[in-house]
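For reference, the structure discussed in these notes is given below.
Protein chains: 2
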Amino acid sequence: MDATARKTVLRMFTYGLYAVTAKDGEGGHGIAANWLSQVSFEPPMLAIAVEGDSHMRRLLDMHGAFVVNVLESGQRELAGQLGKTFAKHPEKMRDILWKPSPLTASPILTVALGWVECRVREELPTGDHILYTAEVVEAGVLREGVALTLKETGFRYFG
Amino acid sequence: MDATARKTVLRMFTYGLYAVTAKDGEGGHGIAANWLSQVSFEPPMLAIAVEGDSHMRRLLDMHGAFVVNVLESGQRELAGQLGKTFAKHPEKMRDILWKPSPLTASPILTVALGWVECRVREELPTGDHILYTAEVVEAGVLREGVALTLKETGFRYFG
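As they're listed, the protein sequences go chains D and H.
Residue 24 in the numbering used here is what sits at position 3 of the first sequence, and the numbering runs on without skipping anything.
Residue 95 in the numbering used here is what sits at position 74 of the second sequence, and the numbering runs on without skipping anything.
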């Protein structure tokens, strides 16, 4: 395979950049995630790929629930903060305001445009990530705005 | 669940819009697809959700291979053509130029920016769609350009 071509084409793909959060003990944990898509209308379902050796993976396996927070254009710094590794930055959520979601106590970020609360259905190992499928069980709109995209941030998580 | 809020938030999500193609007898079949993401770096893998009762689903189950063609900004009309249902428009690929991909003879569209050829690994039913995971086995860059997004087209396939 032409690995350079592969990277070039995969970097043409279009992604949003979301704050994906889960309950973590009495607190909450969050990551920046872009490998995420709706995968069913009825029932409404999403799929998300999470790093196989990550703290988020352990929390999803433990609690089976997460929230996808839609970030707003301009929130690059917040996305970057959430994109830090848990191992090196275990307190990365400390200065981020949130409240627990209604059904699963996953963090809803105060500054998000909106959120969907999801319960994990199945997980499938995909190479160096775990692909979770999940059903949307609750949702809320916080305000209007334009969603953040991976392209806007200049971050790279593809290829 | 607040169904209106759910639709509103899911419609904030960001997607590309791709031409996904597969071998179909001596010819080729194509759809417009946006529920698609990379899901692993090593090995390079994608996941794509395809309608459960679609012709593409039958082809993926039969051949286990597809190509993702990255469309260019401005190719809304082509995406709309590929978005037509196979049942009502079985000849929708007739006027679209393509050549077979090197390993699996899936259509590479001449006007695409680039393409990745994929072999299906696993499939998982997700509500009204089937989620396929696949390994990228070949790729090619055709030219430079800005990728088409679902937002640009104004099409809706989410919520």
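Note that CB positions come from ideal geometry on N, CA and C, so glycine has one too.
8 Å Cβ shell around residue i - same chain, five flanking residues per side excluded
i	result
D:T174	L38, R97, A100 and G101
D:K120	P128, I129 and T131
H:K113	G51, Q102, L103, K105 and F107
H:F34	F179
D:F62	none
D:M22	none
D:R78	V71, E72 and I151
Whether residue i touches residue j by CB criterion (7 Å)
i	j	result
H:H150	D:V162	no
H:G49	H:T42	yes
H:L145	H:A70	no
H:T154	H:A68	yes
H:S94	H:L169	yes
D:V88	D:S122	yes
H:L124	H:V158	yes
H:A53	D:R27	no
Residue i classed as buried or exposed, judged by whether at least 16 other C-beta atoms fall within 10 angstroms
i	result
H:E165	exposed
H:P64	exposed
D:T25	exposed
D:V167	exposed
D:G148	buried
D:L118	exposed
H:R177	exposed
D:R115	exposed
Beta-carbon contacts of residue i that lie in its chain and below 6 Å, excluding the five residues immediately before and after
i	result
H:A126	K44
D:Y36	N55 and L171
H:G180	K28, L31 and R32
H:H110	none
H:G46	none
D:D74	none
Own chain partners of residue i with C-beta closer than 7 Å, once the 5 adjacent residues on each side are dropped
i	result
D:H76	H50 and F107
D:N90	Y39, A40, T42, I129, L130, A133 and W136
Per-residue contacts from residue i into chain B (C-beta, under 7 Å)
i	result
D:R27	Of the protein chains in the structure, D and H, none is chain B.
The ligand MG heavy atom lying under 6 Å from the CB of residue i
i	result
D:G175	The ligand MG is absent from the structure shown, which contains no ligand whatsoever.
Self-check item: Residues, ordered as in the chain, of the region 74-101 of chain H that lie near chain D by beta-carbon distance below 9 Å
Solution: Considering only beta carbons, the part of the region 74-101 of chain H lying closer than 9 Å to chain D consists of V89 and V91, in chain order.
Self-check item: Within 8 Å of chain D by C-beta, residues of the region 130-142 of chain H in sequence order
Solution: When C-beta distances to chain D are compared with 8 Å, the residues of the region 130-142 of chain H below that value are L134, G135, W136, V137 and R142, in chain order.
Quiz item: Just by C-beta distance, which residues in the region 39-71 of chain D are closer than 9 Å to chain H?
Solution: Flagged, chain order: Y39, N55, W56, L57, S58, Q59, V60, S61, F62, E63, P64, P65, M66, L67, A68, I69 and A70.
Exercise. Can you give me, in chain order, the residues of the region 102-118 of chain D that have a beta carbon less than 8 Å from any beta carbon in chain H?
Key: For the region 102-118 of chain D, which is checked against every Cβ of chain H, not one residue is closer than 8 Å.
Quiz item: Any contact of the region 81-94 of chain D with the region 140-147 of chain D, i.e. 3+ C-beta pairs under 8 Å?
Solution: Taking 8 Å as the limit for Cβ pairs, the verdict is that the region 140-147 of chain D does touch the region 81-94 of chain D.
Practice problem: Taking a Cβ distance cut-off of 7 Å, strictly less, list which residues of the region 139-171 of chain H are near chain D, in chain order. | Solution: Listed in sequence order: E143, L145, T147, G148, D149, H150, L152, T154, V157, V158, E159, A160, G161, V162, A168 and T170.
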